[in-house]
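Trainee:
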Amino acid sequence: MDISTVNSLCYEDFVDTFGNVVEKAPLIAAAVWSYRPFANLSDLEAHISDFIDNLPESGKEGVLRCHPDLAGRDLQRGTLTRESQEEQSQAGMASLSPEETTRMHHLNAEYKRRFGFPFVICAKMSDKAGILRQLNERSGNDLTKERECAINEVKKICCLRLRNLVLSDTRNKL
Ligand code: GUN
């Protein structure tokens, strides 16, 4: 798909295509559709980023709360979104030992108790060891710093998902 195809999508098709670039937050795609035409993929990405930055803190926390736990209930039940399933599998979350799973559950629960939202990291840019290290390290942040850090990870996830959708069949067009 090239950018002129993206710009030609009606909002229903746009939301069908880009509705999960921010996990379970199709409202964001529905909102940024208003900014067509996009000059290029970075322009679309920038509008999504601005939309998120302009949310109140409770809205940013809402975006974070739409993310499933890493190695959590949805993974075990097979109810992850396609994108999250792929990202979590690639980062080794689908092949943890029982001990590692228990440790992830414990750390995720501690993190959620502290901050009130789940631990979000761009799993595709990490691996099992990196995720555990970050989970430990970031748990020491204060709420303001951690919210900012987690939102940055949402943007990284979004960027990879967008690139996967738009550049998948036309690497040189954008
Ligand atoms: N990183 C990439 N995808 C996800 C996800 O679905 N949940 C969390 N917590 N982190 C992610």
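In the UniProt record's numbering, the protein residues as written are 1 to 174. C-beta: ideal position from N, C-alpha, C; glycine also. As the structure is a prediction and not an experimental result, all values here were calculated from the model.
Can you say whether Asp69 is buried or exposed, counting buried as having 16 or more other CB atoms within 10 angstroms of its CB?
Mentor: Its Cβ being crowded by 16 or more others within 10 Å, Asp69 is buried.
Trainee: Once DSSP output is grouped into helix, strand and coil, what is the label at Ile3?
Mentor: Here Ile3 sits in helix by DSSP.
Trainee: Could you tell me which whole beta strand (DSSP E) segments of length 3 or greater appear in the stretch 42 to 88?
Mentor: Taking only runs of at least 3 residues, no beta strand (DSSP E) segment lies wholly in the stretch 42 to 88.
Trainee: Nearest CA to the CA of Val166: which residue from His105, Val21, Gly92?
Mentor: Measuring from the Cα of Val166, the nearest candidate turns out to be Val21.
Trainee: Just to confirm the assignment, what range does the alpha helix (DSSP H) spanning Leu167 have?
Mentor: It is not in any alpha helix (DSSP H) - Leu167 carries neither H nor E in the DSSP assignment.
Trainee: Have a look at Leu9 and Ser84 and give me their C-alpha separation to the nearest angstrom.
Mentor: Taking the straight line from one Cα to the other gives about 24 Å.
Trainee: In this structure, how does DSSP classify Arg147 when only helix, strand and coil are distinguished?
Mentor: The answer is helix: DSSP assigns Arg147 an H, G or I state.
Trainee: Below 8 Å, how does it come out for the stretch 145 to 160 and the stretch 112 to 131: are there three or more Cβ pairs, yes or no?
Mentor: The stretch 145 to 160 is in contact with the stretch 112 to 131.
Trainee: Do you know how far the Cα of Ser42 is from the Cα of Arg163?
Mentor: In a straight line, the C-alpha of Arg163 is about 10 Å away from that of Ser42.
Trainee: Identify whether Phe18 lies in helix, strand or coil by the three-state DSSP scheme.
Mentor: Helix.
Trainee: Go to Glu100, then tell me how far its alpha helix (DSSP H) extends in each direction, as first and last residue.
Mentor: From DSSP, the alpha helix (DSSP H) with Glu100 extends over 98 to 115.
Trainee: Could you check if Asn172 is buried or exposed, using at least 16 other CB atoms within 10 Å of its CB as the buried criterion?
Mentor: Only weak support exists for where Asn172 lies, its pLDDT of 41 falling under 50; the coordinates are left without a value.
Trainee: From what residue to what residue does the alpha helix (DSSP H) around Val32 run?
Mentor: It spans 26 to 32 - the alpha helix (DSSP H) in which Val32 sits, taken as one unbroken run.
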